[in-house]
Amino acid sequence: MTGISVWQIIIILLIGLLLFGSSRLRSLRKETGLAVKGFRQLLAGQKNADGSQTRKSGN
351 MTGISVWQII IILLIGLLLF GSSRLRSLRK ETGLAVKGFR QLLAGQKNAD GSQTRKSGN
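Residue numbers for the sequence shown, in the numbering used here: 351 to 409.
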């Protein structure tokens with residue numbers, strides 16, 4: 351019996367809903383999504399603050 355079952359995940363989500371409320375969970379989900387998006391852009395080397403493209407070194 352290893353891992354987390356679907357029922358355990360549902361119970362954890364219900365407890366989170368009761369503790370934080372739906373509006374707080376909605377804003378938390380949005381903030382987490384923005385943080386993940388920013389992190390992915392940082393790793394991909396999108397654009398610097400001045401708008402120039404960053405290049406990854408091949409070393």
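Glycine is no exception: its CB is placed at the ideal position from the N, C-alpha and C atoms.
Query, Result
"I need the straight-line Cα distance from G366 to G395, nearest angstrom please.", "35 Å"
"With DSSP run on the structure shown, which of helix, strand or coil describes T352?", "coil"
"Would you mind stating whether L378 and F370 have Cβ atoms separated by less than 9 Å?", "yes"
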